[in-house]
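Accompanying notes for the structure given below.
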Amino acid sequence: MQTILTIYFLLLFSSIAHAQILNSGGTLSVGGSFGIGGIIKINGDGTGFANEYVCMGGAAGGSMQSNLLPVSSTLIYGNSVSGGLNALGDIFSYNPATNVYTMLYSMDSLSGYYPRGTVIKATNNKLYGLTNNGGTFNKGVLYSLDLSNNQYTKLHEFDGPTGQLPNGTVMQAANGKLYGMTTTGGQGGAGVIFSYDISTSTYAIVHDFNFTTGFSPFGNLMQGANGLLYGMAFGGGATGNGVLFSFNTANNGHSVLHNFDGVNGSAPMGTVMENAGVFYGNTSQGGTNNKGVIFSFNPSSGTFIKLHDFAVATGCTPFGNVMMASDGKLYGMTLNGGVNNLGAIFSYTLSSGVYTKIYDGSFPTGGLPYADLIEYSGLTGINDVESESGKISFYPNPSNGNVTIDMADFKENAFLTIANPLGQISREVQLSSASTKLQLNLSTGVYYYTVVKNNGVLTGKILIE
């Protein structure tokens, strides 16, 4: 069900998209007018940098260390680790059209605090997330937030045996359950994969990490097009440098797909994103300079390729993930390095292997990014996506889920995949004609589609209201 994370990525290809200047956004944990970070925007070529929103503390947020969740052109959800009335974090909504930041819930020590992973919006229209600390045992909590009344509910309090100190967030798999990871705790103290059934309020450990198969995962899980979950563990494996693994929700089977070896990366802190059957990701250490690498991995062939060695001068030690943007490039942020050693924002061109630093973190404008980028431009609505092989249209857009798909140059065996901003696949459909009507039955928000045909691939965005 999930193709980024995400963290946040868009299933788009430069060869089929209209030429445009990419406009992306993200969060920074320090700096800015009040020294505690905020939300920024930047173009893909490095121009247009702006402090979109500056955290001011308290109900105005502080020190954001996780991704943003866009659900429309005028609504983004997120959280901070030092905002809120107790300076222990908050859950917020943000309107990029009006620059209005609204605190939805202020965290405290008992309810859970220091959320280091973003929120997700599940099919029941509630937000779900994890806190790194707090709760009865001060080892973090799994929570929900009902958007109809901002009711915050602790769903599970981590206690050690059931996992502790989660650093990422949860994702909703195709079976409707939430899945997440903790950095430590569990049977061997090396962290767990857990599930939470939102229909029965049932929490379960589905895998205990260990040194042999990888331990201490800091990132998230994502569901690939084949239905398996994928993630990375910070340490362990054959060389002790961490692993890339798969997890089968049908039988709780865990398999190591790649052992990081140090030379080609080690200590991954994020997750992977999938594009056209290939995974892309970062490691925080290893590589030629021991400052991390960008890599690709083909799960079909088991082929791992180191794409780039991070270096202090141009950005190093990435904590988050890469994003595949509509211009076909990878984008991401590094926690450290750059001119001021406050991190950097970069692009990476897959066709040429060119890495470009497009922003240096600084205290006046913000730095130390822990999170990923999202693509701001065109969060709603859609332009027809053209390629050498034809054109596709979804309408009405926005819609209530009843849509018509018109496709020029239709070929048999066209296959539609629809994913949300976290990369979770929401619908997969075999298209049978050049004009197809569908009832998508999706919750409100932005979605990204990919249509694979015999003669090409078409992609774009749709908005469900």
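For what it's worth, this note's numbering labels the leading residue of the sequence shown as 55, then goes sequentially. We put the CB at the ideal spot given by N, CA and C, even for glycine. All of these numbers come straight from a predicted model, not from anything done at the bench.
For Gly91, the closest C-alpha among the options Gly240, Pro418 and Gly391 is that of Pro418. Here Ile247 is buried, its C-beta having at least 16 other C-beta atoms within 10 Å. Among the bridge pairs identified by DSSP, Leu181 is matched with Lys175 and Leu199.
A direct Cα-to-Cα measurement between Thr237 and Asn221 gives close to 7 Å. The three-state reading of DSSP puts Thr342 in coil, since its state is none of H, G, I, E or B. In this structure the region 227 to 237 touches the region 274 to 286; the number of beta carbon pairs closer than 8 Å is three or more.
Remark: C-beta atoms of Leu517 and Ser453 approach each other more closely than 9 Å. Around the beta-carbon of Lys491, fewer than 16 other beta-carbon atoms lie within 10 Å, marking it exposed. Between the region 339 to 346 and the region 361 to 379 there are three or more C-beta pairs closer than 8 Å, enough to call the two in contact. The beta carbon of Lys360 lies closer than 6 Å to those of Asn318, Val347 and Phe349 in the same chain, with the five residues before and after it left out. Shown here for Gly86: same chain residues with a beta carbon closer than 6 Å to its own, the five before and five after excluded, namely Gly92, Asn105, Val108 and Gly420 in chain order.
The C-beta distance from Thr267 to Gly290 rounds to 7 Å, short enough to meet the 8 Å contact threshold. Contact check for Thr185 against Tyr168 passes: the beta carbons are separated by less than 9 Å.
Leaving aside the five residues that flank Val135 on each side, the residues in its chain whose CB is nearer than 7 Å to its CB run, in chain order, Ser117, Gln119, Gly143, Tyr168, Pro169 and Arg170.
Distance from the Cα of Asn149 is smallest, within the candidate group Gly132, Leu494 and Leu199, for Gly132.
Within 10 angstroms of the beta-carbon of Leu139 lie fewer than 16 other beta-carbons, which makes it exposed.
Residue environment: Pro215 is assigned as exposed (fewer than 16 neighbouring CB atoms within 10 Å of its CB, all protein chains considered). Under the DSSP definition of a beta bridge, Asp144 partners with Ser134 and Ser160.
Considering only Asp363, Asn121 and Tyr250, the residue with the shortest C-alpha distance to Phe212 is Tyr250. Here DSSP, grouped into helix, strand and coil, assigns Thr419 to coil.
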